[in-house]
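Shown next, in structure tokens, is the structure this report addresses.
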Amino acid sequence: MRALIINCSPVRTGATAEIVKLVSEQLSNKYSVKSICIDDYVFAFCRGCRSCHNMAKCVMSDAGVIENIMREYDEADIIVSVSPSYWADIPGQFKAFIDRCTPWCNTHEPHATIKPGKKGFTIALRTGPNMPECERIIGSIEHFYGHLEIESVGHLGLTSIEYKADVESRKQEILDFCKSM
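Mapping the sequence shown onto the numbering used here, position 77 (from 1) lands on 1173, and the numbers just tick up by one.
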């Protein structure tokens, strides 16, 4: 069984990365784990040309970058997206990735597919104390999962986390969430 853990943040060393590390370590007892950071990939914004609605494939010159990430999705049995809040939603880099996944979106035919039966988990974090912002992030990622036909089976919202050091006080909560995966 394989797990894909995605750092949806452009920051490779912050609180989000620390949570990705904890989740990866915890799941390595049960899964073959691969962690990626969205910022490790360079790709352009979707142009909205809709060619993929007819071809189930992107026509942009950097389409192979997105295909490589989607290959990771295809090979995983579970996917865990860990996202911080950027103005009350997912970071722009991750949103740009989602936009580029339109060839795999199940709202048009033909569309590309990944293997069925995948389970999706989401961890959202934010610096402020209120949960609605985390819920919005979770909703964005679960909406994405739905269009890829990944079953959303669990999520965790973490408030009051700004820096890597802030994760320590929430470590047990994160580890307990990992037990559901």
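Note that CB positions come from ideal geometry on N, CA and C, so glycine has one too.
From the options, residue whose alpha carbon lies closest to that of residue i
| i | options | result |
| --- | --- | --- |
| Leu1118 | Ala1159, Val1178 and Val1161 | Val1178 |
| Leu1254 | Glu1205, Tyr1169, Ser1265 and Arg1108 | Ser1265 |
| Pro1206 | Phe1141, His1149, Cys1274 and Phe1139 | His1149 |
| Thr1209 | Pro1228, Met1227 and Tyr1241 | Tyr1241 |
Residue i to residue j span [Cα, whole Å]
| i | j | result |
| --- | --- | --- |
| Gly1110 | Tyr1259 | 6 Å |
| Leu1271 | Gln1122 | 7 Å |
| Gln1268 | Thr1223 | 19 Å |
| Ser1157 | Phe1139 | 9 Å |
| Ala1152 | Glu1168 | 18 Å |
| Ile1219 | Ser1147 | 33 Å |
| Cys1230 | His1251 | 10 Å |
| Pro1187 | Ser1236 | 11 Å |
Assigned exposure category for residue i - 16 Cβ within 10 Å defines buried
| i | result |
| --- | --- |
| Gly1216 | buried |
| Trp1200 | buried |
| Ser1128 | exposed |
| Val1263 | buried |
| Asn1103 | buried |
| Val1155 | exposed |
CB contact flag (residue i, residue j, <8 Å)
| i | j | result |
| --- | --- | --- |
| Lys1214 | Asp1173 | yes |
| Ile1101 | Val1161 | no |
| Ala1184 | Arg1232 | yes |
| Pro1180 | Leu1244 | no |
| Gln1189 | Ile1257 | no |
N-terminal and C-terminal residue of the alpha helix (DSSP H) that residue i is part of
| i | result |
| --- | --- |
| Val1119 | Ala1111 to Leu1123 |
Enclosing beta strand (DSSP E) for residue i [first to last residue]
| i | result |
| --- | --- |
| Lys1215 | Lys1215 to Leu1221 |
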